Amino acid sequence: MVYFWKPSTSPLSLLLLSSCVTAASVQDVISQRSELSMLNTLVNRFPNTLNQLNQGGGTLLAPSNTAISKLLLSAGIQDITTVPESTVQDLMSYHILNLTLQSADLRKKGGVTVDTTLLKDQYANLGGRPNVIFSSAFGSVGEAPTATALNIYSGVGDPANVTTTDIGFDRGFVHVIDSVLNLPIPCTQTAKAASLSTLLNALMVANLTSFVDTTPKFTCFAPTDAAFQEAGINISALTNDQVVDALKYHSIVGDVGYSTAFEDGQQYQTLLGVPVTITKRDGSLFINDVAVLQGNVMMSNGVAHVLSGVLSPVTAPKATQTVVVKTTPGSPSASSKPDAQSAQTTSSATSIAIPNMKIFFAIMIGLVSGITILIL
Ligand SMILES: *[C@@H]1O[C@H](CO)[C@@H](O)[C@H](O)[C@H]1NC(C)=O
Ligand SMILES: *[C@@H]1O[C@H](CO)[C@@H](O)[C@H](O)[C@H]1NC(C)=O
Ligand SMILES: *[C@@H]1O[C@H](CO)[C@@H](O)[C@H](O)[C@H]1NC(C)=O
Ligand SMILES: *[C@@H]1O[C@H](CO)[C@@H](O)[C@H](O)[C@H]1NC(C)=O
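Below is the structure:
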């Protein structure tokens, strides 16, 4: 940009001009944009919420007035100045990414999983790591054939649309979003909020609610109610052990299986000790032969992928090599090295005891309606 000024311009105003142009703080940027006036009200009350951006720099996903109005309405709050500091602090920390990212970084095919600065245990039970967002212009698993709206996926609920991108400030970028990001909640609350009632019921029957809510770095493959129904599965007609084993086959523990952590064609160890095969094809992410309907639903202790079907080991392709999920969120532009650590063999995958395989397969044959296959 070229500036013309009259010779009469004083050195002082030049200094002010240049400081405005090159060194706008994130507060300046927020205060100068009319669509961010409500956010401005919040951060002016609690300026500490911007410390990370003022000191270390990073990226702010800035909720617009539309976004904040929607939140206040749904929470029944009439006066924005009554929102407590802890709420503003938690929300802001989830909207601040600890990396300087431009929209081109956020739009990459496949999507990107990015560290936020949300570290509070209640929302980030991830073994000391902050919780993340998933950013994608290719749908919830990043596999859509063509780019669509740039969306930010957070806790359970609709994704946020990015409406204005790449507003620079002295230490990073602001991107405006049209919904406030949903703070990640534990697994059973996520299932409840996502109306996955059959799964929730199965977790209660199996006495696994506390386990799935408190185990850090948990990945849940979550069939919809319709998926259970289509598979002809009636939870009440199964024994507890059958339900437990079926749920274990829908779970990964060890590192979080964001869609970006999965490599096409690889197998990943489940809690049951039997792997699932992940493929990325036809614009979708498949777990065995089951397509993910809604991917990357962030939970406080991991991630859920909502499935269009129920997983069954009898339909899983044969294992050739099984890898352990290795998550490296936070550095979408850095290529993660495919080293020995990211391809450990099955033996070190999990410390959970593998159940008696004959019993297990008998159970799974019972689970899969209309299929009778003799294994072993
Ligand atoms: C941001 O990243 C730096 C470098 O990795 C790290 O030292 C710092 O703790 C992070 N800050 C937050 C709030 O996550
Ligand atoms: C917001 O994102 C959704 C999901 O990708 C998309 O269907 C919708 O068209 C977007 N809305 C706008 C206004 O861009
Ligand atoms: C349910 O699981 C908890 C551990 O998560 C255990 O302490 C409790 O005894 C179990 N209850 C039953 C009825 O199995
Ligand atoms: C499910 O199984 C229970 C127990 O066997 C039975 O009472 C119930 O009618 C079944 N429900 C359906 C929809 O088949």
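Using mature numbering (1 follows the signal peptide of the UniProt record, and there is no 0), the letters of the sequence shown map in sequence onto residues -23 to -1, 1 to 353. Even for Gly, the Cβ is constructed at its ideal location relative to N, Cα and C. Just so it is clear, the structure is predicted and the values come from calculations on it, not from any experiment.
At least three beta-carbon pairs within less than 8 Å, the region 146 to 156 to the region 71 to 79
Segments in contact, yes.
Should residue 125 be listed as close to ligand 2, given that the test is whether its C-beta is under 7 Å from any heavy atom?
As a working mapping, residue 125 is identified with position 148 in the sequence shown. Yes.
Can you find the residues in the same chain that come closer than 8 Å, C-beta to C-beta, to residue 312, ignoring five residues on each side of it along the sequence?
Position 335 of the sequence shown, counted from the start, is the residue given in the question as residue 312. In this prediction, residue 312 scores a pLDDT of 32, lower than 50, which makes its location untrustworthy; the coordinate-derived value is nonetheless stated afterwards. Excluding sequence neighbours, residue 312 sits near nothing in its chain.
Could you compute how far the alpha carbon of residue 326 sits from the alpha carbon of residue 239?
Position 349 of the sequence shown, counted from the start, is the residue given in the question as residue 326. Position 262 of the sequence shown, counted from the start, is the residue given in the question as residue 239. Residue placement at residue 326 cannot be trusted, given a pLDDT of 29 that sits under 50; the coordinates are not used to answer.
Contained beta strand (DSSP E) runs [length at least 3] in the region 124 to 179, N- to C-terminal order
Listed in chain order, they are 128 to 130, 137 to 146, 149 to 154.
Quick one: is residue 316 buried, meaning 16 or more other Cβ sit within 10 Å of its Cβ, or exposed?
To locate residue 316, count along the sequence shown from 1; it is residue 339. Here residue 316 scores only 30 on pLDDT, less than 50, and its place in the model is too uncertain to base an answer on.
Between residue 220 and residue 179, which are expected to be in contact by the criterion C-beta below 8 Å, what is the C-beta distance as a whole number of angstroms?
The sequence position of residue 220 within the sequence shown is 243, counting from 1. The sequence position of residue 179 within the sequence shown is 202, counting from 1. Correct: roughly 5 Å between the Cβ atoms.
Let's see if you can read the secondary structure: which residues bound the beta strand (DSSP E) around residue 90?
For the purposes of this step, residue 90 is taken as the residue at position 113 of the sequence shown. Segment 89 to 92, the beta strand (DSSP E) holding residue 90.
Just to confirm before moving on: does the CB-CB distance between residue 68 and residue 199 stay below 8 Å?
If you number the sequence shown from 1, residue 68 lands on position 91. If you number the sequence shown from 1, residue 199 lands on position 222. Going by C-beta atoms, residue 68 is not nearer than 8 Å to residue 199.
Please list the segments of the alpha helix (DSSP H) lying wholly inside the region 207 to 255, counting only runs of 4 or more residues, in order along the chain.
Fully enclosed alpha helix (DSSP H) runs of 4 or longer: 217 to 225.
May I ask which residues mark the beginning and end of the alpha helix (DSSP H) holding residue 285?
Your numbering for residue 285 matches position 308 in the sequence shown. That residue, residue 285, is in no alpha helix (DSSP H); it is neither H nor E in DSSP.
Could you check whether the region 99 to 115 touches the region 180 to 193, counting it as contact only if at least three pairs of C-beta atoms, one from each stretch, sit closer than 8 Å?
Yes: at least three Cβ pairs fall under 8 Å.
Quick test of your reading: residue 133 and residue 183, contact by CB under 8 Å. State the CB separation rounded to the nearest angstrom.
Mapped onto the sequence shown, residue 133 falls at position 156. Mapped onto the sequence shown, residue 183 falls at position 206. Not really, about 21 Å apart at Cβ, beyond 8 Å.
By Cβ distance, which residues of its chain are closer than 7 Å to residue 356, with the 5 residues on each side in sequence left out?
Any property of residue 356 remains undetermined from this structure, which presents the chain solely from -23 to 353.
With distances taken between CB atoms, is the gap from residue 228 to residue 247 smaller than 8 Å?
Your numbering for residue 228 matches position 251 in the sequence shown. Your numbering for residue 247 matches position 270 in the sequence shown. In contact: residue 228 and residue 247 (Cβ atoms closer than 8 Å).
I need the straight-line Cα distance from residue 87 to residue 261, nearest angstrom please.
By 1-based counting over the sequence shown, the position of residue 87 is 110. By 1-based counting over the sequence shown, the position of residue 261 is 284. So the two alpha carbons sit approximately 10 Å from each other.
Tell me whether residue 40 counts as near ligand 2, meaning its Cβ is closer than 7 Å to at least one heavy atom of that ligand.
What you label residue 40 is simply residue 63 of the sequence shown in a count that begins at 1. No, Cβ of residue 40 sits at least 7 Å from all heavy atoms of ligand 2.
Are the CB atoms of residue 15 and residue 45 within a distance shorter than 8 Å?
Translated into the one-based positions of the sequence shown, residue 45 becomes position 68. Translated into the one-based positions of the sequence shown, residue 15 becomes position 38. Yes, these two residues count as a Cβ contact at 8 Å.
Using the Cα positions of residue 236 and residue 286, report the straight-line distance between them to the nearest angstrom.
Sequence index remark: in the sequence shown, residue 236 carries index 259 (1-based). Sequence index remark: in the sequence shown, residue 286 carries index 309 (1-based). A direct Cα-to-Cα measurement between residue 236 and residue 286 gives close to 17 Å.
Output the distance between the C-alpha atoms of residue 153 and residue 263, rounded to the nearest integer angstrom.
Position 176 of the sequence shown, counted from the start, is the residue given in the question as residue 153. Position 286 of the sequence shown, counted from the start, is the residue given in the question as residue 263. Cα to Cα, residue 153 sits roughly 32 Å from residue 263.
Report all residues for which the CB-ligand distance to some heavy atom of ligand 3 is below 6 Å; order them along the chain.
What you get when you keep residues with a C-beta closer than 6 Å to any heavy atom of ligand 3 is 184, 187, 188.
Ignore the nearest five residues each way along the sequence and tell me which others in residue 175's own chain have a CB closer than 7 Å to its CB.
For this step, residue 175 is matched to residue 198 along the sequence shown. Counting only Cβ-Cβ distances below 7 Å, and skipping sequence neighbours, we find 202, 205, 212.
Where does the unbroken alpha helix (DSSP H) through residue 199 begin, and where does it stop?
To locate residue 199, count along the sequence shown from 1; it is residue 222. Not the alpha helix (DSSP H): residue 199 falls in the beta strand (DSSP E), residues 195 to 200.
Which two residues bound the contiguous alpha helix (DSSP H) that contains residue 277?
As a working mapping, residue 277 is identified with position 300 in the sequence shown. Element bounds for residue 277: n/a, residue is neither H nor E.
Assigned exposure category for residue 24 - 16 Cβ within 10 Å defines buried
As a first step, residue 24 must be located in the sequence shown, where it is residue number 47. Burial is judged here by how many other beta carbons sit within 10 angstroms of a residue's own beta carbon; residue 24 has fewer than 16 and is exposed.
For residue 228, is the beta carbon positioned less than 7 Å from some heavy atom of ligand 4?
Start at 1 with the first residue of the sequence shown, and residue 228 comes out as number 251. It does not: the Cβ of residue 228 is nowhere closer than 7 Å to a heavy atom of ligand 4.
What span of residues does the beta strand (DSSP E) with residue 36 cover, start to end?
In the sequence shown, residue 36 corresponds to position 59, counting from 1. Run containing residue 36: 35 to 40, per the beta strand (DSSP E) assignment.
Under three-state DSSP, which class holds residue 47?
Locating residue 47 in the sequence shown gives position 70, where the first residue counts as 1. In this structure, residue 47 counts as helix in the three-state DSSP scheme.
In whole angstroms, give me the CA-to-CA distance for residue 18 and residue 114.
Here residue 18 refers to the residue found at position 41 of the sequence shown. Here residue 114 refers to the residue found at position 137 of the sequence shown. Taking the straight line from one Cα to the other gives about 30 Å.
By how many angstroms is the C-alpha of residue 223 removed from the C-alpha of residue 207?
Counting from one through the sequence shown, the residue named residue 207 turns up at place 230. Counting from one through the sequence shown, the residue named residue 223 turns up at place 246. For residue 207 and residue 223, the distance between alpha carbons rounds to 16 Å.
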